[in-house]
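Each residue of the sequence shown is one higher than the one before, starting from 82 at the first, in the working numbering. For every residue, glycine included, the Cβ atom is placed at its ideal position computed from N, Cα and C. In what follows, a structure is listed as structure tokens, so that the remarks can point back to it.
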Amino acid sequence: MKTIFNQISKSFKLLKRNHTYMQMSPQLEVRRHLPHLLLAMVFIPLAGLAQSQQYMSYQGYLTDGSGNILGSTNTGPKAYDVVFRIWDLPTGGTIGSLDELFAELQTVTVDNGYFSVLLGQGTSYQTEPHPLLPTVFTSLTLPRYVELTVLGIGANGASVTILPRLQLVDAPFALLAVNALNVTGANVITAANLSTNLGLWQANGSSIYYNNGSVGVGATGPQRKFTVNSLSANAASDTSYQTGIGTGTKQLILGYDTGIDAGIISASDYSTAWKNLSLATYGGNVGIGAITPSQRLEVNGNAQVDNSLIVAGNLGVGPGLPAWPFQVVNNSGFVDEVLASSSTIGTWMDLQNNSAGGVNWLVISSGSGNGGGAGNLLFAPGSAPNSTSGNVLALTSGGRVGIDTLTPAATLEVNGSVQVDGSSVFSGEAQFSSDVYCYNDAFFENNALFSARVGIGTSSPGYPLEVDGWANYDLGGGFWYAFVTGSGIAGGGSHTNSITIKAQAGIQSGLGLYVTSDQRIKTDFVPSDSRQDLETLKRLEVTDFNYKDVVHYGHRHRKGLIAQQVEKLLPDSVNQQTDVVPDIYQMANCQKGWVTLATDLKKGERVKLITEKGGSIHEVLEVAKDKFRTDFQPEGDKVFVYGREVNDFRSVDYDDISVLNVSATQELARRMDQLEKREARLTELEQKAARVDQLERELTELKKLTAQLARSVKGGPLRAQKTAESDAVADAPVLSASAAQEQ
């Protein structure tokens with residue numbers, strides 16, 4: 082054995098000198114340099130394992146491009162992934178083409194350059210062919226070539242293919258098998274002595290078998306491997322080709338009946354009649370046109386039932402098992418059912434319920450001869466499958482719906498009362514000829530026209546619009562009714578005003594604004610201090626301002642009160658409630674709920690976001706630098722951030738302010754009355770003072786005359802004026818008397 086391995090080593094060294102570029106040499110090629118004993122040692126164990134047709138030993142010597150031994154003593158044995166390919170060409174060919182006959186991947190251990198593998202023990206590589214090795218070697222005239230590709234050892238991990246390809250040649254002793262193709266003799270069965278040699282049949286234990294040709298029983302020219310013609314003596318006719326098994330007259334018949342020109346499978350008892358035929362009784366499935374039936378009976382093709390079909394379980398049309406008594410589903414998972422009819426009355430479907438109180442319902446696709454009009458879908462109860470007893474619902478081809486009417490004049494027409502217990506949304510026009518009751522929310526995006534009266538919270542409105550209800554905005558305590566406390570007494574704590582109608586814009590009235598103020602609904606009457614009311618009114622600051630939300634309120638300059646300032650003077654006249662303030666009011670990008678905008682919003686706060694379709698309020702779920710996230714995901718990538726929701730949004734009760742103004746005005750009126758009285762008294766006094774001044778002037782004149790008279794009496798001059806002076810003195814008492822009388 083030592084001598085053998087020395088010879089192997091010398092042979093591989095010789096091969097190494099002949100191939101300087103990563104060369105591998107298969108054992109079958111190396112045999113020229115080795116004694117026959119080595120070949121016997123290699124192949125005999127494979128034959129002994131009865132696997133010589135499955136594997137092929139292959140050895141080689143591996144170096145890199147520089148001639149360095151792979152897996153040398155310096156590095157120790159190393160493993161490489163190698164793809165072995167067998168071609169029918171020495172060069173060329175395309176991987177995956179017919180020229181590539183075999184390919185497999187093996188992990189090869191290279192020890193000091195040497196490796197040895199068994200081809201056929203590897204795994205398939207990608208989509209390349211990987212048949213059994215015996216199928217690769219089919220002719221003596223077709224050569225085969227081995228090619229090796231080592232994966233991952235090239236530059237940048239590239240694979241390297243070993244060239245040239247090495248031709249596989251016969252082992253010397255394997256040449257003996259060539260003679261088997263030319264064996265002749267009297268006991269050898271060939272085409273020439275096929276009909277006379279019984280050696281066609283071969284033994285296998287207690288059985289015999291035959292691989293070529295056909296066998297006929299009752300048939301001189303069998304067209305199939307095994308042909309039986311009229312095995313049964315009870316064949317129906319000479320034109321039936323049948324085979325069967327059974328005892329006595331009970332038989333299973335399998336064959337072809339030319340009388341009906343069809344194949345047959347039947348069970349018979351000629352003493353009585355034909356019998357039932359049970360298929361797959363003990364398991365398995367039956368397929369008609371189906372190679373691998375998945376159910377007890379699978380038909381691949383059309384099926385026809387000329388009489389009744391009884392299904393005890395569920396009946397399904399389409400793929401999958403039916404979950405309901407009758408299920409129709411197409412291959413896409415959608416219900417796809419067609420009921421067709423050419424009747425002018427229409428296509429009718431009858432839904433019957435025969436239990437107590439059950440009704441026979443009819444669904445009709447109407448035709449030209451139907452009283453409901455052509456092309457409509459009608460729902461109606463009926464006493465029979467083809468007779469209706471009333472009209473309940475009609476869907477027209479023009480997209481209109483009629484309830485209790487066959488000819489709806491609008492998109493929806495109801496001939497009778499309508500009750501909506503939940504939400505009802507009308508984006509177009511809705512006409513009602515009778516009462517409309519909305520017990521929950523009602524939204525009108527466009528116009529809402531009511532020719533009679535509208536009641537919100539009441540079924541008997543006494544005015545064109547009557548609202549009976551309110552929403553309480555309360556920050557603590559609030560009021561409650563007796564049925565809440567259970568005490569029979571109404572109670573309350575701190576409370577802000579209740580709101581019945583909230584308007585985001587102005588309210589216009591052609592007559593006036595009326596506020597309920599009946600004395601009989603009030604208590605605890607205390608006259609207001611008008612002097613204090615006047616002082617309070619004087620302290621209210623009327624302010625000129627503009628609204629931040631110019632889109633909603635516009636740019637018009639406003640004049641009004643500030644709730645926070647009013648609250649300091651009249652806290653009961655200011656409401657606090659939950660609303661949104663425009664404290665951000667900016668456009669921003671929004672992606673997957675994240676709004677990119679620097680704000681001071683905090684997690685848990687709520688913010689109003691607006692798109693082209695409207696606005697909505699959302700909770701802030703997460704906050705990061707210069708962005709925050711909500712559950713809102715708009716259709717586009719833009720969103721307008723209006724502002725946050727606050728629970729202390731203030732509004733002023735201008736009714737209180739107006740009444741305060743009345744009280745202050747009354748105080749001013751009282752003071753005005755006092756001023757008017759004082760002014761009247763002052764006028765009177767002024768008039769009297771004027772008279773006093775007149776008297777004083779007259780008195781002064783009188784004194785002057787008296788003085789003149791006195792001088793005249795003393796001196797005696799001016800006698801010529803005596804008569805005139807006497808007349809003046811005589812008149813003076815008259816003037817004084819008149820003045821005194823006036824005083």
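- Counting only runs of at least 3 residues, the region 598-686 fully encloses the following beta strand (DSSP E) elements, listed from N- to C-terminal order: 624-626, 639-641, 655-661, 667-672 and 675-677.
- In the DSSP assignment, the residues bridged to V727 are D660.
- Judged by their CB atoms, M137 and L200 are nearer to each other than the 8 Å cut-off.
- Here Q385 is exposed, its C-beta having fewer than 16 other C-beta atoms within 10 Å.
- Rounded to whole angstroms, N451 and V499 show a C-alpha spacing of 28 Å.
- Rounded to the nearest whole angstrom, the C-alpha separation of A437 and R377 is 39 Å.
- The three-state secondary structure of E757, taken from DSSP, is helix.
- For the pair of segments examined, the region 727-744 was found to touch the region 650-657: the number of CB pairs separated by less than 8 Å reaches three.
- Note on geometry: alpha-carbon atoms of N435 and G453 lie some 27 Å from one another.
- In the three-state scheme derived from DSSP, where H, G and I count as helix and E and B as strand, E716 is classed as coil.
- P406 and I426 have their C-alpha atoms roughly 29 Å apart.
- For I738, the three-state secondary structure derived from DSSP is helix.
- Shortest Cα-Cα distance from D630 to any of S611, V722, R620 and E693 involves V722.
- W405 has no beta-bridge partner at all, per DSSP.
- Residue ranges of uninterrupted beta strand (DSSP E) with 3 or more members, entirely inside the region 438-515 and ordered along the chain, are 442-447, 458-465, 474-476, 482-484, 493-495, 499-501 and 505-507.
- In this structure, L244 sits away from V227, with a CB-CB distance that is not shorter than 8 Å.
- For V701, the three-state secondary structure derived from DSSP is coil.
- The count of Cβ pairs closer than 8 Å, one atom from the region 177-192 and one from the region 206-218, reaches three, so the stretches are in contact.
- When secondary structure is reduced to three states using DSSP, S287 falls in the coil class, being assigned neither helix nor strand.
- When the Cα atoms are used, P542 and V535 turn out to be separated by approximately 6 Å.
- Contact holds between the region 597-617 and the region 739-753, because three or more Cβ pairs, one in each stretch, are under 8 Å apart.
- Taking 8 Å as the cut-off, the Cβ atoms of Y206 and V164 count as close.
- Beta-bridge pairing by DSSP links R710 to W675 and E703.
- Inter-segment contact for the region 761-770 and the region 677-692 is absent: fewer than three beta-carbon pairs are separated by less than 8 Å.
- Boundaries for R377: no beta strand (DSSP E) harbours it, and the DSSP string shows neither H nor E there.
- With a beta-carbon spacing of about 19 Å, L151 and G203 fall beyond the 8 Å limit used to define contacts.
- In the DSSP assignment, T190 falls within the beta strand (DSSP E) that extends over E181 to V191.
- Residue S609 holds the alpha-carbon nearest to the alpha-carbon of Q747 among L458, S609, E782 and G233.
- Between the region 641-650 and the region 674-681 there are fewer than three inter-stretch CB-CB distances shorter than 8 Å, so the stretches are not counted as touching.
- Of the candidates E622, F713, I345 and D338, E622 places its Cα closest to the Cα of E648.
- Here the C-alpha atom of V217 lies approximately 13 Å from the C-alpha atom of L170.
- Secondary-structure assignment with DSSP links E228 through a beta bridge to R166.
- C-alpha of H699 to C-alpha of Q589: approximately 33 Å in a straight line.
- The Cβ atoms of T190 and P215 lie no closer than 8 Å to each other.
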